[in-house]
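Numbering of the sequence shown is given in the numbering used here, commencing with residue 282 and proceeding in unit increments.
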Amino acid sequence: MEAHRIVIVGGGAGGLELATRLGERLGRRGKAAVTLIDKARAHLWKPLLHEVAAGSMDLGHHELDYLAQAHWHHFRYRVGRLIGLDRARREVEVEAVIDEAGVEVTPRRRFPYDTLVIAVGSVSNDFATPGVADYALALDTPEEAKRFHRRLVDACIRAHAQAGPLRPEQLRIAIVGAGATGVELAAELHRTTRELVAYGLDRIDPERDVHIHVIEGAERILPALPERLSKGVEELLRSLAVDVHAGARVAEVMKDGLRLVGGRKIAAELVVWAAGVKAPEVLAHLDGLESNRINQLVVRPTLETTRDPNIFALGDCAACPWLGHEGNVPPRAQAAHQEASHLVRMLPRRLAGKPLASFRYRDFGSLVSLGKYSTIGNLMGALVGGSVRVEGTFARFMYLSLYKMHELALHGFAKVALDTLARLITRRTEPVVKLH
Ligand SMILES: Cc1cc2nc3c(=O)[nH]c(=O)nc-3n(C[C@H](O)[C@H](O)[C@H](O)COP(=O)(O)OP(=O)(O)OC[C@H]3O[C@@H](n4cnc5c(N)ncnc54)[C@H](O)[C@@H]3O)c2cc1C
Numbered sequence: 282m283e284a285h286r287i288v289i290v291g292g293g294a295g296g297l298e299l300a301t302r303l304g305e306r307l308g309r310r311g312k313a314a315v316t317l318i319d320k321a322r323a324h325l326w327k328p329l330l331h332e333v334a335a336g337s338m339d340l341g342h343h344e345l346d347y348l349a350q351a352h353w354h355h356f357r358y359r360v361g362r363l364i365g366l367d368r369a370r371r372e373v374e375v376e377a378v379i380d381e382a383g384v385e386v387t388p389r390r391r392f393p394y395d396t397l398v399i400a401v402g403s404v405s406n407d408f409a410t411p412g413v414a415d416y417a418l419a420l421d422t423p424e425e426a427k428r429f430h431r432r433l434v435d436a437c438i439r440a441h442a443q444a445g446p447l448r449p450e451q452l453r454i455a456i457v458g459a460g461a462t463g464v465e466l467a468a469e470l471h472r473t474t475r476e477l478v479a480y481g482l483d484r485i486d487p488e489r490d491v492h493i494h495v496i497e498g499a500e501r502i503l504p505a506l507p508e509r510l511s512k513g514v515e516e517l518l519r520s521l522a523v524d525v526h527a528g529a530r531v532a533e534v535m536k537d538g539l540r541l542v543g544g545r546k547i548a549a550e551l552v553v554w555a556a557g558v559k560a561p562e563v564l565a566h567l568d569g570l571e572s573n574r575i576n577q578l579v580v581r582p583t584l585e586t587t588r589d590p591n592i593f594a595l596g597d598c599a600a601c602p603w604l605g606h607e608g609n610v611p612p613r614a615q616a617a618h619q620e621a622s623h624l625v626r627m628l629p630r631r632l633a634g635k636p637l638a639s640f641r642y643r644d645f646g647s648l649v650s651l652g653k654y655s656t657i658g659n660l661m662g663a664l665v666g667g668s669v670r671v672e673g674t675f676a677r678f679m680y681l682s683l684y685k686m687h688e689l690a691l692h693g694f695a696k697v698a699l700d701t702l703a704r705l706i707t708r709r710t711e712p713v714v715k716l717h
């Protein structure tokens, strides 16, 4: 009898952990054929993207090739972007892959499944604001983060080389959205622009020439986190001379900056759009599956989609009820990780014809890393008796442990320990900021 076919679309924080662990648990023994489909060829844990953008992290040290991971952990990897679904035939449709020279690498193809898990994550939501598509940069993929970094380095080199005075927008960066991504990027940029300039771009004075603005539509930054946390983070950003504009909505992004509702203009050479997320467009009309206004697939507490029990969704692209709370499970790496762990337990039960348990999200709190300046957050849970504010080295350790948990799910203890050691060594022999 042919093995049960589990197809996972999207190898991110949730999908790659699921493929790896199901590969080990079912694929290795031939109990299921596990296939991962991703539009990219390598995986990078998304919460690292702001460090790639700021230049404080070398992608090469953290990217993981899907083909190699699949080979090591007994699943198959196929490249391609999900573009359609045929629920009656149980097939997903994937776009052709074309290389930079316009030559086809793989044709448009279909993959059959018995169980399908959709884990395609989210992209930034521009709320149809004029000019965003043309002039703002997002941080949704490693390519976008690298593009931002290149433009940042170019901006510094240009400013250093130019004979005349700086134009009003030069060396000014506007970050729209003061969620964790926006504020973490602001702090990281404050440090890396100074380090970049210190490598000989001595005609730039960072205190005088480099300006970072953070613009947030809500009345306070980090609106999803407790108020005392956002106060602490705002004080720290202001002490770094980051301009924080809360309660300010962007009306339009332009070539040389942006305009707020009310008319005020903020000059900026680089505009980063990090204000809100939505699931990829393809999910809005996926062969009749129920989706919400931000394109997320609506799922039951078991993570099955409401209209098809053979299809599951997890992570940012799933609207999953948060049992015991109002609203849905938030779009976070820890939620994707927990949902993947839930399905690692549940899919073998499904294969055995046993009933599925509901997923219960456990919020362990939120941590915001302000680069070398500080890490601030709150830890939640019975052990700490509700919500406790944490800061400094302990908070930094907790922040790093989220990534370590992801790495452990992908590689196991021995490889993570060796990789961590190797990175500590190379960090001492390389520039602390990427210079190209
Ligand atoms: C800069 C930044 C910082 C963040 N910091 C934090 C943090 O500190 N803590 C936290 O909890 N969360 C953080 N997040 C959010 C966190 O990254 C996401 O919640 C998490 O990655 C969601 O996991 P996922 O598996 O749903 O999707 P993702 O990790 O986004 O993975 C989605 C995968 O699907 C693939 N894909 C997309 N579309 C298609 C398609 N059509 N066909 C095939 N493949 C496709 C993508 O290539 C990707 O590999 C941050 C996000 C960003 C951008």
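Quick reminder that beta carbons are idealized off the backbone N, C-alpha and C, glycines included.
Owing to the predicted nature of the structure, the values given are computational and were not obtained by experimental measurement.
Considering only residues of the same chain and omitting the five flanking positions on each side of residue i, which have a CB-CB separation below 8 angstroms?
{"i": "Arg588", "result": "Gly569, Leu570 and Glu571"}
{"i": "Arg631", "result": "Thr396 and Leu637"}
{"i": "Val333", "result": "Leu325, Leu340, Pro423, Ala426, Lys427 and His430"}
Which residue or residues does DSSP assign as beta-bridge partners of residue i?
{"i": "Ile379", "result": "Glu385"}
{"i": "Phe392", "result": "Val373"}
{"i": "Trp554", "result": "Val457"}
{"i": "Ala323", "result": "Asp346"}
{"i": "Ser572", "result": "Leu578"}
{"i": "Met535", "result": "Gly538"}
{"i": "Lys512", "result": "Answer is none; Lys512 lacks a bridge partner."}
{"i": "Ile287", "result": "Val315 and Thr396"}
{"i": "Tyr358", "result": "Leu317"}
{"i": "Thr583", "result": "Paired residues: none, contrary to the question."}
{"i": "Lys427", "result": "Lys427 pairs with nothing; no bridge assigned."}
{"i": "Ser647", "result": "Asn659"}
{"i": "His526", "result": "Ile496"}
{"i": "Ser405", "result": "Val558"}
{"i": "Gly365", "result": "Glu374"}
{"i": "Asp589", "result": "Thr586"}
{"i": "Ile547", "result": "Leu539"}
{"i": "Ala467", "result": "According to DSSP, Ala467 bridges with nothing at all."}
{"i": "Leu418", "result": "Val553"}
{"i": "Ala594", "result": "Ile399"}
Would you call the CB atoms of residue i and residue j closer than 8 angstroms?
{"i": "His492", "j": "Arg428", "result": "no"}
{"i": "Ile496", "j": "Ala461", "result": "no"}
{"i": "Leu510", "j": "Gly658", "result": "yes"}
{"i": "Pro629", "j": "Arg286", "result": "no"}
{"i": "Leu246", "j": "Ala436", "result": "Nothing about residue 246 can be reported from this structure: the residues present for the chain run from 282 to 717 only."}
{"i": "Met338", "j": "Leu329", "result": "yes"}
{"i": "Leu420", "j": "Ala426", "result": "yes"}
{"i": "Arg391", "j": "Val360", "result": "no"}
{"i": "Cys601", "j": "Phe645", "result": "no"}
{"i": "Ser405", "j": "Val558", "result": "yes"}
{"i": "Lys320", "j": "Arg362", "result": "yes"}
{"i": "Met318", "j": "Val398", "result": "A small correction: the amino acid at residue 318 is Ile; Met does not occupy that position in the sequence shown. Cβ atoms of Ile318 and Val398: not closer than 8 angstroms."}
{"i": "Pro561", "j": "Asn576", "result": "yes"}
{"i": "Ala527", "j": "Arg489", "result": "no"}
{"i": "Thr316", "j": "Arg357", "result": "yes"}
{"i": "His606", "j": "Glu465", "result": "no"}
{"i": "Gly402", "j": "Asp537", "result": "no"}
{"i": "Val580", "j": "Ala565", "result": "no"}
{"i": "Gly295", "j": "His355", "result": "no"}
Give me, in chain order, the residues of the same chain whose beta-carbon lies closer than 6 angstroms to that of residue i; leave out the 5 immediate sequence neighbours on both sides.
{"i": "Thr473", "result": "Ala335, Gly336, Ser337 and Val714"}
{"i": "Val457", "result": "Ile496, Val531, Trp554 and Ala556"}
{"i": "Arg677", "result": "Thr656"}
{"i": "Arg540", "result": "Ala532, Glu533 and Lys546"}
{"i": "Gln451", "result": "Ala440 and Glu550"}
{"i": "Ile379", "result": "Glu385"}
{"i": "Leu235", "result": "Residue 235 is absent from the model: the chain starts at 282 and stops at 717."}
{"i": "Ala468", "result": "Leu651, Gly652 and Tyr654"}
{"i": "Leu689", "result": "Val697"}
{"i": "Ile485", "result": "Ala440, His441 and Val478"}
{"i": "Ala314", "result": "Ala284 and Arg286"}
{"i": "Leu506", "result": "Ser647"}
Taking 7 angstroms as the limit between beta carbons, can you name the residues of its chain near residue i, skipping five residues before and five after?
{"i": "Gly365", "result": "Glu374"}
{"i": "Pro393", "result": "Arg286, Arg371 and Glu372"}
{"i": "Gly292", "result": "Ala300, Leu317, Asp319, His324 and Tyr347"}
{"i": "Gly412", "result": "Glu533, Val534 and Met535"}
{"i": "Glu376", "result": "Gly361, Arg362, Ile364 and Arg389"}
### Task
Would you mind listing the beta strand (DSSP E) stretches within the segment 663-702 that are 3+ residues and don't spill past its ends, in chain order?
Correct list: 667-672.
### Task
Jot down the residue ranges of each uninterrupted alpha helix (DSSP H) in the segment 597-622, minimum 4 residues, whole runs only, in chain order.
DSSP runs (the alpha helix (DSSP H)) wholly in the segment 597-622: none.
### Query
If you scan the segment 469-511 from start to end, which runs of the alpha helix (DSSP H) of 4 or more residues do you find wholly inside it?
For the segment 469-511, whole alpha helix (DSSP H) runs of length 4 or above, ordered along the chain, are 487-490.
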